[in-house]
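Report on the structure given below.
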Amino acid sequence: MMLALAVVLLAGAAVQFIRFFAGRGRPDQNAYFFDLSEKKLFVAHRTLAPPIRGINNAELDGVRAVVVSTSDNPKDEASRRIAYLEKYAPELKQQIEAMQSGQESPGASGSRITRGAAQSFTFVRRLNEDTWHAVNSAEAEKIMTEWQVPGPDGKTPLVCAP
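Pasting the structure below:
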């Protein structure tokens, strides 16, 4: 009887283990973006370098949106809010797109923006503000971390994926 119970528990643990790692095997292929002119969230492939084409026309007014949930359930749409927006300078966007398309190798030199320097070419802002701040600035650091404080229930918001 004890042996049968041990086998059942071991099988249950194996099933949970497989489910856990099968769900984590592939990263999400999509990310949230925000159309600045339409003031709406939309979903696009996560590897796109913002700003991208928005939802209403060919204008490059779609920026990455970091969306957080203030509840334990990131699928609870009522608890979601935009923590901040992110975009790249044209030079960095062009370099990222060239590397993704295979036109430029990651080791290419010349006027290539290095990983460390890329922080000066990546910008963030709050949803209801107009000023963009370079990621390596004190204000950007504040913007990117201010959402991480626990709410009245003591829970820290979670980043959501579509």
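One gets this note's numbering by counting positions in the sequence shown from 1 and adding 5 to each.
Where a beta carbon is used, it is the ideal one built from N, C-alpha and C, also for glycine.
Environment of residue i [buried if 16+ CB atoms lie within 10 Å]
{"i": "Val-164", "result": "exposed"}
{"i": "Gly-28", "result": "Bear in mind that the predicted position of Gly-28 carries a pLDDT of just 48, short of 50, making it unreliable; the figure below should be weighed with that in mind. Under this definition Gly-28 is an exposed residue."}
{"i": "Arg-120", "result": "exposed"}
{"i": "Gly-176", "result": "Summary: the structure shown does not reach residue 176, with the chain confined to residues 6 through 167, and so no result is reported for it."}
{"i": "Leu-8", "result": "exposed"}
{"i": "Arg-86", "result": "exposed"}
{"i": "Ala-63", "result": "exposed"}
{"i": "Val-12", "result": "exposed"}
{"i": "Glu-82", "result": "exposed"}
{"i": "Lys-44", "result": "exposed"}
{"i": "Lys-147", "result": "exposed"}
{"i": "Lys-80", "result": "exposed"}
Counterpart residues of residue i in DSSP-defined beta bridges
{"i": "Thr-127", "result": "Tyr-93"}
{"i": "Asp-40", "result": "Lys-45 and Gly-67"}
{"i": "Asn-35", "result": "His-50"}
{"i": "Ala-220", "result": "Since the first residue shown for the chain is 6 and the last is 167, residue 220 is missing from the structure and cannot be characterised."}
{"i": "Val-164", "result": "Val-73"}
{"i": "Arg-85", "result": "Ser-74"}
{"i": "Ile-57", "result": "Gly-67"}
{"i": "Ala-103", "result": "Bridge partners of Ala-103: none, in fact."}
{"i": "Ala-139", "result": "Phe-128"}
Residues near residue i by beta carbon distance below 8 Å, same chain, minus five either side
{"i": "Ser-84", "result": "Ser-74, Thr-75, Ser-76 and Asn-78"}
{"i": "Gln-153", "result": "Thr-161 and Pro-162"}
{"i": "Met-6", "result": "none"}
{"i": "Asn-141", "result": "Gln-124 and Ser-125"}
Minimum Cβ-Cβ distance from residue i to chain D less than 8 Å
{"i": "Pro-155", "result": "Any reference to chain D falls outside this structure, which holds one protein chain only."}
Delimiting residues of the alpha helix (DSSP H) encompassing residue i
{"i": "Thr-150", "result": "143-150"}
Residues of its chain near residue i, where Cβ-Cβ distance is below 7 Å and the 5 sequence neighbours each way are ignored
{"i": "Glu-96", "result": "Ile-118 and Phe-126"}
{"i": "Glu-102", "result": "Ala-54"}
{"i": "Ala-123", "result": "Leu-97"}
{"i": "Ala-70", "result": "Tyr-37, Phe-38, Phe-39, Leu-46, Ile-87 and Leu-90"}
{"i": "Arg-51", "result": "Asp-33, Gln-34, Asn-35 and Ala-36"}
Own chain, CB closer than 6 Å to residue i, minus 5 neighbours either side, in chain order
{"i": "Leu-41", "result": "Asp-66"}
{"i": "Ala-94", "result": "Phe-126"}
{"i": "Glu-144", "result": "His-138"}
Notebook entry, point to check: Counting Cβ pairs, one atom from each stretch, are 3 or more of them under 8 Å apart for the region 128-145 and the region 51-62?
Noted result: no
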